[in-house]
Every structure is written in C-alpha cells, then in structure tokens.
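The block underneath contains the structure these notes are about, expressed in structure tokens.
In this note's numbering, the protein residues as written are 1 to 568.
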C-alpha cells in the first residue's frame with residue numbers, strides 16, 4: 001500500500017511541470033533524481049536542470065540535445081552545446097554559430113549570432129561582431145544601438161555598458177534616465193546598486209543617488225535595509241537614507257590591525273607626489289619609446305650610471321610603470337606604462353602635473369584660504385615662457401577634455417546650430433566631434449593659444465573686436481569659467497548676451513553641499529588661478545546679475561561633469 005502511494009506521488013510529480021523544481025541533478029551529474037531516486041534508466045555524460053515545458057539539456061556520445069522527464073530525446077537533431085529552456089526557447093551552439101530552438105528542436109528564427117544568452121521576459125541578450133544588443137522571440141533586435149555589454153531584463157529594465165560606463169535601458173531600448181556610472185546592477189524593489197569614483201551606493205529609477213554616502217560594498221535593499229561595508233572596514237546595515245542602523249561587525253579586537261592599515265594608506269597618500277615626479281622622469285627620459293632594453297643598453301643611451309639607473313628603474317617597477325624580465329635581464333613597459341605610449345596626451349599630462357605640484361600657493365594654502373575675496377589670476381600655463389612646454393600643457397588639457405566628451409554629440413542636441421562660439425582651450429576638443437559638415441566653429445580666449453595646438457582643428461580663432469561679425473546660435477564654455485572670479489564670469493556671460501547668442505552651454509563640475517565630489521579639484525583651481533567650482537545655486541545667483549539667461553536643463557555628461565543649458 002505504501003509503495004503504491006509512493007508510485008502515485010512519483011508519477012504525479014513527473015507529469016506535473018509545476019513540480020519540475022523537485023527534480024534534481026544527481027551528484028555525478030549523469031542523470032536526474034526525484035525524491036532521492038533515479039528519474040529514468042538512461043545515463044548521460046552530463047545533464048542540466050529541467051525547465052518548463054518539462055525539458056532538460058543533456059550531452060552524450062551523440063552530441064547535445066534535450067530530454068523529457070522519461071529520459072527520452074524529444075527531437076533527432078544533435079548540437080555542440082544545449083542550454084535550458086526559457087520562454088519556450090533554448091540557446092544552442094552548432095558548427096554555424098549560436099541561436100535558439102523551440103521545444104521541437106527547430107530554429108526559432110533565421111539569424112545566427114556570435115553568442116546568445118537565455119530569454120528573460122521574452123527578450124534575450126545576443127552578441128554579434130563583438131557588440132551586444134537584445135532580440136525578441138522572433139530573433140529581431142528591439143533597438144538599433146549596440147553596446148559593449150548588455151544584461152538580462154528584469155521588470156522591463158536592463159543594464160548596458162558602453163565605453164567603460166553603465167546605464168539602464170527600458171524594453172524598447174530607450175535610456176531610462178541617461179545617467180552613467182562606473183558599474184550598475186539591475187533594479188531590485190525600486191533601487192539599483194551603482195558605483196562612481198567615490199564608491200558604491202544605491203540609485204532610484206531616475207538614476208539619482210538616494211543618499212550622499214559612499215561605501216566600499218553594498219547589497220540590495222531587503223525590507224528597507226541593506227548590508228554595507230564602509231571604507232573603515234565596518235560591516236553594517238543601512239536604511240533608505242544611507243544611515244547605518246545596525247553594526248554587524250565592529251572594530252573591537254581588529255582596531256589595531258585597522259589602525260595599521262590606515263597608517264599605511266595615509267602614508268601612501270602623503271607621499272603620492274613621488275609617483276608624479278617618477279612618472280615625469282620616465283617621460284623626460286623617453287622610456288616609453290626606448291623600452292624594452294637591458295640595463296646596460298639603457299645606461300649607455302641615457303648617460304646614467306648603472307647604480308643610479310637601477311635605483312630609478314626599481315622605483316618605476318614599484319609604481320608599476322615598468323616590469324623586469326629576470327631571465328632576459330630586460331626592462332619593459334607594464335600595461336600602465338604602455339598607456340603613455342598608446343595614449344599620446346598622457347605624456348604631456350605627466351609634464352603638466354609635475355608643474356602643478358610645485359605651485360607656490362600650495363605651500364601657503366592656509367594664507368590663501370584666509371582671504372575673504374580672491375581675484376582670479378593667470379595660470380602657470382598662460383605664464384609659461386617655453387613655447388614647447390606650453391604646447392604640452394594645452395595638449396594635455398585637450399586630451400583629457402576629448403576623453404570626457406566622447407558621448408557629447410549623442411547627449412547634447414545643438415538644435416541645428418550653424419555657428420558655435422567656443423571659449424577656452426578645453427572647448428577645442430569639441431572640434432574633434434564637429435569636424436564635418438557645415439558647422440562653423442569659432443574660438444575665443446584672452447590668452448593666446450600656440451598655433452600648433454589648433455593647426456589641425458577645424459576652428460577659427462577670433463578676437464573680441466570681430467565677435468559681432470558672426471551670428472552665433474550657441475556659445476560653449478568648457479571648464480573655462482571655473483578659472484575666474486564671479487565678476488569676471490559675469491562679464492563673460494554679459495558678453496555673449498550682448499552678442500545676441502540665445503543659448504549657452506556651461507560644461508562644469510557642479511558642486512553639491514551634500515557630496516564631496518569635486519572638492520580636491522576646486523582647491524587646485526583656487527591654488528592655480530584663484531577661480532572656483534560652483535554649486536547650481538551659485539550659478540543661478542550669477543545669472544540673476546547677468547539678467548536674461550535662465551537654466552533650461554542640466555545634463556550629466558560623466559559622473560563628475562555636467563552641461564548647464566542656458567537659454568535666453
């Protein structure tokens with residue numbers, strides 16, 4: 001009687017696809033079990049889990065295919081790889097590539113891909129020509145954009161990565177919030193985990209941080225609480241406001257260990273200028289072009305004694321600029337060192353930062369801070385007497401700016417502007433974007449820019465006396481006004497207003513009273529030029545004095561740079 005009851009239960013579970021989760025893969029992974037017993041007599045090389053509609057992927061001597069709960073093949077085809085069914089589709093690989101099949105083993109669509117994922121919410125991740133996008137059940141892409149990575153959809157939203165940044169899209173391929181971060185997760189109960197240059201935190205569906213704090217690690221919210229780890233090594237739980245409500249792990253006996261690690265961390269930060277000067281020395285000696293080479297060859301070529309050269313190379317090795325092949329006695333560039341060879345502006349940046357580090361105002365920073373008002377002054381870049389060094393400074397700035405505005409054209413609509421007035425050397429990087437078509441780019445700066453900096457750019461320098469000769473539809477200040485005091489900023493904005501320019505873009509780092517972002521850069525600007533970064537409120541106060549311009553929109557370009565769109 002007991003055996004009959006068991007057989008009824010066993011057979012019922014097999015027939016009921018809702019109980020597929022009760023079927024387990026055996027420990028040897030060669031068959032399936034139900035209630036601790038083999039589900040069928042067959043044995044395979046490897047099996048996967050059962051999914052609706054009651055099929056499981058298996059592999060044996062004949063190839064890869066799917067079986068039912070009786071252990072029987074459900075079609076005659078054989079593949080190189082098979083995966084589980086999701087949304088009535090299973091991913092497979094054969095000699096032609098990747099695609100999906102239906103439960104009868106037939107192709108679900110005609111297209112072939114480099115790789116495919118599993119369907120979620122009737123949409124699937126695919127890769128073609130090393131780029132990713134999503135397709136529907138018929139194999140057709142649901143949008144035209146391509147990304148470096150795309151994730152599965154959950155509740156109609158997916159994570160996508162492009163050019164080292166991440167954002168969210170909806171199931172039509174549209175940007176959900178158009179805010180980009182270093183890393184992102186899918187949304188869980190209305191919140192997503194995100195990382196920026198300051199650490200991990202949570203954002204809402206608008207892409208905005210739900211609190212200002214940053215952590216070393218965060219988990220998803222669970223009933224309004226989330227586990228986090230602080231940069232001090234404390235494990236705890238936070239509420240929606242980012243406040244630690246419970247401590248899971250306190251320093252206690254680990255205080256001494258943590259204190260020692262903090263001392264090492266602080267010391268490394270205090271001596272960080274070593275890396276600046278060591279890198280600058282490597283650039284001055286032209287090591288990116290010379291390496292790989294032996295110590296002897298380098299000594300002869302650089303006219304540096306071997307003992308002194310070994311000291312320098314050992315230091316560059318420690319900061320991971322170079323590596324050493326002991327077998328060949330060969331010094332070579334590390335992956336970081338190669339960047340200085342492959343990304344030309346970085347060598348110029350090394351020269352520039354070495355110069356920034358010796359600014360006298362850094363040594364009198366406390367006196368500078370005690371000044372109630374500080375008029376802006378020329379940067380060392382404008383004061384530089386060496387033409388070659390000045391060119392290097394400006395090329396470094398252009399390199400950084402071009403890096404930060406790669407997505408400018410897709411994120412900013414210039415509304416058919418035919419003539420654009422650019423202010424400041426940073427804005428010249430936009431000439432790389434608008435280098436085709438009939439757009440006229442005009443460049444204005446009180447400080448003369450060396451001819452070699454702009455000779456290859458489609459831009460026309462213009463002096464103030466001739467500004468009125470052109471009707472401009474758009475003016476762009478790119479990291480320009482940050483170098484000036486308020487009076488000078490007001491004079492520039494009045495200048496564009498008087499010239500009848502109806503729209504202005506201010507590309508700046510916007511400070512926030514509740515965030516540390518931009519703090520170090522702001523102090524560096526004060527030291528270098530007497531200028532400052534500003535909050536959005538600061539900009540609105542300035543606009544009231546200018547009269548006419550109003551903030552139309554604020555568009556994030558990176559996690560530290562925004563475009564303030566002013567309209568007249």
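All residues carry an ideal CB built from backbone N, CA and C; glycine is no exception.
Burial is judged here by how many other beta carbons sit within 10 angstroms of a residue's own beta carbon; residue 321 has at least 16 and is buried.
The C-beta of residue 367 has fewer than 16 other C-beta atoms within 10 Å across all chains shown, which makes the residue exposed.
Around the beta carbon of residue 185, 16 or more other beta carbons lie within 10 angstroms, which makes this residue buried. In this structure, residue 568 sits away from residue 518, with a CB-CB distance that is not shorter than 8 Å.
Within the model, the alpha-carbon separation for residue 566 versus residue 531 is close to 21 Å. Straight-line measurement puts the Cα of residue 555 at about 8 Å from the Cα of residue 412. Residue 344 and residue 68 have their C-alpha atoms some 60 Å from each other.
Taking 3 residues as the shortest admissible run, the stretch 139-215 contains the following complete beta strand (DSSP E) segments, listed from N- to C-terminal end: 157-162, 165-170, 183-188, 191-196, 199-203. Nearest Cα to residue 137 within the set 151, 166, 91, 175: 91. Around residue 558, the same chain offers 404 as residues with beta carbons nearer than 6 Å, after the five sequence neighbours per side are excluded. Look at residue 549 here: in three-state DSSP terms it is coil, with no helix or strand label. Per DSSP, the continuous alpha helix (DSSP H) segment holding residue 400 begins and ends at 387-404.
Residue 445 is not a Cβ neighbour of residue 376, given a cutoff of 8 Å. Its chain contains 84, 85 as the residues whose beta carbon lies nearer than 6 Å to that of residue 51, once the 5 sequence neighbours on both sides are disregarded; these appear in chain order. Here DSSP, grouped into helix, strand and coil, assigns residue 339 to helix.
Put simply, the stretch 446-453 touches the stretch 381-396. At least three CB pairs are less than 8 Å apart. Here the alpha carbons of residue 386 and residue 416 stand approximately 40 Å from one another.
Three or more Cβ pairs closer than 8 Å define a contact, and the stretch 71-82 falls short of that threshold against the stretch 107-120. Straight-line measurement puts the Cα of residue 432 at about 28 Å from the Cα of residue 536. Contiguous beta strand (DSSP E) elements confined to the stretch 21-56 occur at 23-25, 32-34, taking only those with 3 or more residues. Rounded to whole angstroms, the separation of the alpha carbons of residue 516 and residue 168 is 25 Å. Taking a C-beta distance under 8 Å as the contact criterion, residue 188 and residue 158 do not qualify as a contact pair. Bridge partners of residue 433 according to DSSP: none are assigned. Looking at the DSSP output, residue 556 shares a beta bridge with 562.
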